[in-house]
Amino acid sequence: MNEIRQEMQLRLVLSCFMASVVSTISLLSMAFICNLGFIRPWNWATKMFVSSSSPWQFLAFLMNNLSIVAVTIIFYTRLSVSDKIASKYYEIFTSVLTESLNVILAAMLIAGLNTYFVLTIIAPNKYCSIFSETHMFMFNQRTHCLVSCGTFIGLLFCLTLIIFNRLTLIYSQPPTFLVDIMREHTVSRVLSTIGRILYFIPVYVLLPKPFCAHNRFSVWFLFLDIRLLVLLFAVGFHLQFSWACAVSILKWQFTRPIEGNLEPLIQPVDGSQEALIKSKQKLQQHLALEHMADLVATNSCARASVFSLSSLGERPVVWRQISGWCVSVLEQFTTTVQTTNNALLQKSVQASLPYAEIKYKGHLPASLRAQIRHRMKSNANSLLQPGSLSVDSKSLTDFLMDRDFLGALKALQIQISSMLRRLPVIQALYAEMPYSVTANVFAGFQCLDTNPGLFVSGQAVIWATEVLACLTLASYTEDMYGSVQRSLGRILVLFADGLEVRMRSVIELLR
10 MNEIRQEMQL RLVLSCFMAS VVSTISLLSM AFICNLGFIR PWNWATKMFV
60 SSSSPWQFLA FLMNNLSIVA VTIIFYTRLS VSDKIASKYY EIFTSVLTES
110 LNVILAAMLI AGLNTYFVLT IIAPNKYCSI FSETHMFMFN QRTHCLVSCG
160 TFIGLLFCLT LIIFNRLTLI YSQPPTFLVD IMREHTVSRV LSTIGRILYF
210 IPVYVLLPKP FCAHNRFSVW FLFLDIRLLV LLFAVGFHLQ FSWACAVSIL
260 KWQFTRPIEG NLEPLIQPVD GSQEALIKSK QKLQQHLALE HMADLVATNS
310 CARASVFSLS SLGERPVVWR QISGWCVSVL EQFTTTVQTT NNALLQKSVQ
360 ASLPYAEIKY KGHLPASLRA QIRHRMKSNA NSLLQPGSLS VDSKSLTDFL
410 MDRDFLGALK ALQIQISSML RRLPVIQALY AEMPYSVTAN VFAGFQCLDT
460 NPGLFVSGQA VIWATEVLAC LTLASYTEDM YGSVQRSLGR ILVLFADGLE
510 VRMRSVIELL R
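Residue numbering for the sequence shown follows this note's numbering, starting at 10 and increasing by one per position.
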């Protein structure tokens, strides 16, 4: 695993370097656009690199690159091999506040600092000075507006990445190049920048602005400055374009298969049936598994090393390790799908007969009708149990008449909670998201049979199936020692079981 870890570190360094190059190109383009004049348009380069303030300009370029590197590292720590699925809508907000608050705050801080460094390069003095020239101990109004816009856009960008799972690696995407990434994000970020600036202007006007000497009416007049609007667009576009390219570069680098042989993947421990991947990092595990799936599918030498016998005892140790891990992954996945199917079957149904069964009674199988009736009967029996009825049926006035203030407080709390739950907004927040049950099946689970620390996602299940399928098919002509024959029956039965439970899950969802 040391080779895989070194490969990941190398890819991270390469991603940071390419993100810095893209950000520098974007910053130079924004400087050219903002300083372009009708007469002698090349004067912006002379002012930037030849004037006495050129060391500060180079320092600002350096700080911009450091900001992009920091953002790239933050996004790297949030790379995921599976989507984070929320069963209800309110869980989206709770997960953002509990798990990603530090990432959001760090992104906002870096966005504000990066915006100020960009302003020192592309903006005149009155747009990048920190303090006001007319009011003592007050911030410059234009600089405050521009930095706030950059912070706001960084906040929205980070929230979009986290809520919509934009940091999840997609291994089915075709290979790309740096030029393709830049061309892809150019047009899309222009449109999103305009939209987010339109969101920012009313928010900036309404929210309080401490240490700024102006009122709301003067802020509205502030946005009549055409140069300020151009700088708002330049700052927002540069921030979104650089960060979006950094995310795409990370996903491009960490979805590429690694090169090498099977030796770094198979590390025996104590001479027993070991886990295929010992690392506790999910990304390393998936890179190793992707590498193995590519090797067994395309490399005959790799398959020969899997089918070969070890020198100690003449046993197929490599095959046992690989097949044992892949089989355990598929068995764990099958168990998870079966548990999901049982949970769907145990859901409460309405007391009345479903309309679909009445209308299409002649087209439904008899077993399905009997199963629905059984579920309705069990649900009705559970509702009629004495334990499900409320013990305290007194009203709030009865508690007050009896001077039972504690009971009155509980009754009032129940009434308020029931009233709040009937509100459309609360009902929408507590509503179940569509297809969340199926998405959770493929989102990821812990493989407890082989390695308690091993995280298995839907993509890992696909790769494990590919590894077993390729090795099983190739064993008919390449397995000279019969290493696969003892496990062949178990593998075929496992494939059949996986198809069966998956079809049952689809049928339950269609009901």
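All C-beta atoms in this analysis are idealised placements derived from N, C-alpha and C, irrespective of residue type, glycine included.
Taking the C-beta atoms as reference points, THR202 is found nearer than 8 Å to GLY245. DSSP, reduced to helix, strand and coil, places LYS97 within a strand of the structure shown. Assignment of PHE148 by DSSP, reduced to helix, strand and coil, places it in the strand class. In its chain, beyond the 5 residues on either side, ALA28, ILE77, VAL80, THR81, PHE84 have a beta carbon closer than 7 Å to the beta carbon of ALA255.
If the five residues before and after SER251 are omitted, its C-beta is found closer than 6 Å to the C-beta atoms of SER32, SER35, ILE77, all from its own chain and listed in chain order. At the C-beta level, ALA483 and ARG312 come within 8 Å of one another. For SER138 and THR177, the gap between their C-alpha atoms comes out near 40 Å. In this structure, DSSP gives SER89 an extended state, which the three-state scheme calls strand.
Annotation for ILE162: ARG205, GLY245, LEU248 place their beta carbon closer than 6 Å to its own, counting only its chain and skipping 5 residues before and after.
Taking 4 residues as the shortest admissible run, the segment 161 to 219 contains the following complete alpha helix (DSSP H) segments, listed from N- to C-terminal end: 187 to 215.
In the structure shown, SER104 falls within a helical segment according to DSSP collapsed to helix, strand and coil.
Straight across, the Cα-Cα distance linking LEU231 with ARG151 is about 8 Å. With a cutoff of 8 Å on beta-carbon distance, VAL188 and SER466 are scored as not near each other.
In this structure, TRP261 is the residue among LEU238, TRP261, LEU233, ASP303 with its C-alpha nearest to the C-alpha of SER24. Here PRO325 carries a coil assignment [DSSP, helix/strand/coil]. TYR136 and LEU155 have their C-alpha atoms some 8 Å from each other.
Taking the Cβ atoms as the reference, VAL336 lies roughly 7 Å from ILE500, within the contact range of under 8 Å. Under the three-state reduction of DSSP, ALA420 is assigned to helix. Boundaries for ILE267: no alpha helix (DSSP H) harbours it, and the DSSP string shows neither H nor E there. In the three-state reduction of the DSSP assignment, VAL493 falls in the coil class, being assigned neither a helical nor a strand state.
In the DSSP assignment, ASP303 falls within the alpha helix (DSSP H) that extends over 291 to 307. For SER109, there is no enclosing alpha helix (DSSP H), since its DSSP letter is neither H nor E. Taking 8 Å as the cut-off, the Cβ atoms of LEU339 and LEU503 count as close. Taking all protein chains shown into account, THR406 has fewer than 16 neighbouring C-beta atoms within 10 Å of its C-beta and is therefore exposed. In its chain, beyond the 5 residues on either side, ILE267, PRO273, GLN293, LEU296, ALA297 have a beta carbon closer than 7 Å to the beta carbon of ILE13. Taking 8 Å as the cut-off, the beta carbon of LEU88 is found no closer than this to the beta carbon of LEU207. For ALA473, the enclosing alpha helix (DSSP H) covers residues 467 to 487.
Assignment of SER76 by DSSP, reduced to helix, strand and coil, places it in the helix class. By the 16-neighbour rule on beta-carbons within 10 angstroms, VAL315 is buried. One Cα belongs to LEU114, the other to MET428, and the distance between them is close to 35 Å.
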